[in-house]
Amino acid sequence: MTLEQAQRIAALRSRYQVQFEMQMSAATSLNNYDYLDILDRGFDELGLARPSPDVLCDVGCASFWYAATLAAFFRPRQLLGVDLEGHRLFRDGRTRIDYAAGYVARVPHARFVVGDYRRHAEPADLITAWFPFLSAPALLAWRLPLSLLDPAGLFGRIRRNLTPGGLFVMVNHGPAEAALAAEWCVAAGLERAGTDRGAAREPLACGAPRPLPARLSCWRLATASRPDAADIRINQ
Ligand SMILES: C[S@@+](CC[C@H](N)C(=O)[O-])C[C@H]1O[C@@H](n2cnc3c(N)ncnc32)[C@H](O)[C@@H]1O
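In the working numbering, the protein residues as written are 585 to 820.
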């Protein structure tokens with residue numbers, strides 16, 4: 585680790601009052617600092633204030649190893665992670681549910697649900713998705729069936745579950761994937777929140793190597809589809 589990375593981790597620890605390494609392995613704690621840095625920089629670059637939601641739902645959370653990061657950054661009253669692959673078996677004989685149980689146990693008001701988010705009808709005022717699948721190669725790399733490649737179904741459900749005034753936060757691999765994801769968001773009835781002011785800092789990049797830099801974007805219900813906007817039109 586470079587001196588710059590160590591200093592940046594110290595700043596994140598102090599700002600968000602976290603010490604991931606006290607709760608998890610060295611590798612997982614570095615991955616958590618990495619995700620916390622993506623949120624910290626991303627909101628700064630978009631000029632957005634951090635929301636403090638009642639219900640935060642993370643879509644496709646894997647073992648929800650970053651539940652502590654979401655809790656530290658957003659301080660939700662309830663934190664929920666949904667992934668359809670809860671029964672995946674790891675080399676040590678444990679399943680993803682076993683790992684997720686360990687991660688959520690350390691975070692107050694957190695839970696992990698095994699299920700297909702496309703059928704998960706539960707409103708949330710903050711929805712997050714880290715690296716949702718948008719292409720066949722990504723799914724195959726995770727050894728998942730191509731039948732799961734359904735961005736329209738996934739983003740449509742996000743749109744339906746997002747409460748008015750709520751925020752959808754998405755992280756993608758690099759600018760091309762982020763542009764593709766943006767098209768799905770718009771098609772689902774979402775619009776961008778925040779204004780991209782450009783990269784203020786280099787990514788911390790202390791976690792697992794990533795082929796392309798993470799791109800964070802924020803979305804809310806498109807004005808035309810907000811109930812208040814419909815009311816205004818009807819009343820005019
Ligand atoms: C690329 S992985 C990202 C995992 C995690 N967000 C992270 O940052 O480490 C995508 C995850 O989405 C899950 N997933 C894909 N389609 C889903 C669906 N329809 N409902 C719930 N989870 C889904 C997969 O099982 C996988 O764990």
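All C-beta atoms in this analysis are idealised placements derived from N, C-alpha and C, irrespective of residue type, glycine included. Values in this document were obtained by computation on a predicted structure and should not be read as measured data.
* Could you tell me if residue 674 is buried or exposed, where buried requires 16 or more neighbouring beta carbons within 10 angstroms of its beta carbon? => Within the sequence shown, the letter at position 90 stands for residue 674. It is exposed - the Cβ of residue 674 has fewer than 16 other Cβ atoms within 10 Å.
* **residue 804 and residue 749 closer than 9 Å at C-beta** => As a first step, residue 804 must be located in the sequence shown, where it is residue number 220. As a first step, residue 749 must be located in the sequence shown, where it is residue number 165. A contact, by the Cβ cut-off of 9 Å.
* residue 756 versus 689, 799, 791, residue with shortest Cα-Cα distance -> Numbered from its first residue, the sequence shown carries residue 756 at position 172. Answer by Cα proximity: 799.
* Return the Cβ separation of residue 619 and residue 650 in integer angstroms, given the expectation that the two are a contact with Cβ distance under 8 Å. => Position 35 of the sequence shown, counting from 1, holds the residue named residue 619. Position 66 of the sequence shown, counting from 1, holds the residue named residue 650. Right, the Cβ-Cβ distance comes to about 5 Å (below 8 Å), so this counts as a contact.
* Asked: Just to confirm, are residue 802 and residue 626 a CB contact at a threshold of 9 Å?
  -> The count along the sequence shown starts at 1 and reaches residue 802 at position 218. The count along the sequence shown starts at 1 and reaches residue 626 at position 42. Yes, the pair counts as a contact, with Cβ atoms nearer than the cut-off.
* Who are the Cβ neighbours of residue 614 in its own chain at under 6 Å, not counting the five residues just before and after it? -> As a working note, residue 614 is residue 30 in the sequence shown. The answer, listed in chain order, is 790, 791.
* Span of the alpha helix (DSSP H), counted from its first residue to its last, around residue 769 -> Here the question's residue 769 lines up with position 185 in the sequence shown. Where residue 769 is concerned, the enclosing alpha helix (DSSP H) stretches over 758-772.
* **DSSP state of residue 585 mapped onto helix, strand, coil** => Mapped onto the sequence shown, residue 585 falls at position 1. Coil at residue 585, not helix or strand.
* Using DSSP with H/G/I as helix, E/B as strand and the rest coil, what is residue 724? -> As a working mapping, residue 724 is identified with position 140 in the sequence shown. Three-state result, residue 724: helix.
* heavy atom of ligand 1 below 8 Å from residue 713 C-beta -> Locating residue 713 in the sequence shown gives position 129, where the first residue counts as 1. Yes, Cβ of residue 713 sits closer than 8 Å to a heavy atom of ligand 1.
* Asked: Considering only the beta carbon of each residue, do residue 666 and residue 642 sit closer than 9 Å?
  -> Counting from 1 along the sequence shown, the entry for residue 666 is found at position 82. Counting from 1 along the sequence shown, the entry for residue 642 is found at position 58. Cβ atoms of residue 666 and residue 642: closer than 9 Å.
* Asked: Does the Cβ of residue 692 have 16 or more other Cβ atoms within 10 Å, making it buried, or fewer, making it exposed?
  -> Start at 1 with the first residue of the sequence shown, and residue 692 comes out as number 108. Residue 692 comes out exposed.
* residue 696 - containing beta strand (DSSP E), residue span -> For the purposes of this step, residue 696 is taken as the residue at position 112 of the sequence shown. 694-698 is the extent of the beta strand (DSSP E) around residue 696.
* From the DSSP output, in three-state form, read off residue 751 for me. => Against the sequence shown, residue 751 aligns to sequence position 167. Strand.
* To do: Using 10 angstroms around the beta-carbon of residue 598, count the other beta-carbons present and answer buried if the total reaches 16, otherwise exposed.
  => As a first step, residue 598 is located in the sequence shown; it is residue number 14 there, counting from the start. Burial call: exposed.
* Whole-Å CB distance - residue 647 paired with residue 680, under 8 Å assumed -> Here residue 647 corresponds to residue number 63 of the sequence shown, with the count starting at 1. Here residue 680 corresponds to residue number 96 of the sequence shown, with the count starting at 1. The Cβ separation is near 5 Å, so the contact holds.
* Terminal residues of the alpha helix (DSSP H) in which residue 623 lies -> Looking up residue 623 in the sequence shown gives position 39. Element bounds for residue 623: 610-630.
* Asked: Sorry if obvious, but does the Cβ on residue 791 come closer than 8 Å to a heavy atom of ligand 1?
  -> Sequence index remark: in the sequence shown, residue 791 carries index 207 (1-based). False, no ligand heavy atom lies under 8 Å from that Cβ.
* Relative to ligand 1, is the shortest distance from any of its heavy atoms to the C-beta of residue 795 smaller than 8 Å? -> Mapped onto the sequence shown, residue 795 falls at position 211. No, the Cβ of residue 795 stays beyond 8 Å of every heavy atom of ligand 1.
* Asked: Can you tell me whether DSSP reads residue 705 as helix, strand or coil?
  -> For the purposes of this step, residue 705 is identified with residue 121 of the sequence shown, where counting begins at 1. Note: residue 705 maps to coil in three-state DSSP.
* Asked: Taking the C-alpha atoms as reference points, what is the distance between residue 658 and residue 705?
  -> For the purposes of this step, residue 658 is identified with residue 74 of the sequence shown, where counting begins at 1. For the purposes of this step, residue 705 is identified with residue 121 of the sequence shown, where counting begins at 1. If I take the Cα positions, the gap works out to 22 Å.
* Comparing alpha-carbon positions, which option in 690, 761, 695 lies nearest residue 796? -> As a working note, residue 796 is residue 212 in the sequence shown. Looking at the Cα atoms, 761 is the closest of the given residues.
* Using the Cα positions of residue 588 and residue 703, report the straight-line distance between them to the nearest angstrom. => Start at 1 with the first residue of the sequence shown, and residue 588 comes out as number 4. Start at 1 with the first residue of the sequence shown, and residue 703 comes out as number 119. So the two alpha carbons sit approximately 44 Å from each other.
* What residues in its chain sit with their C-beta under 6 Å from that of residue 768, if we drop five residues either side in the sequence? -> For this step, residue 768 is matched to residue 184 along the sequence shown. Cβ within range, chain order: 735, 739.
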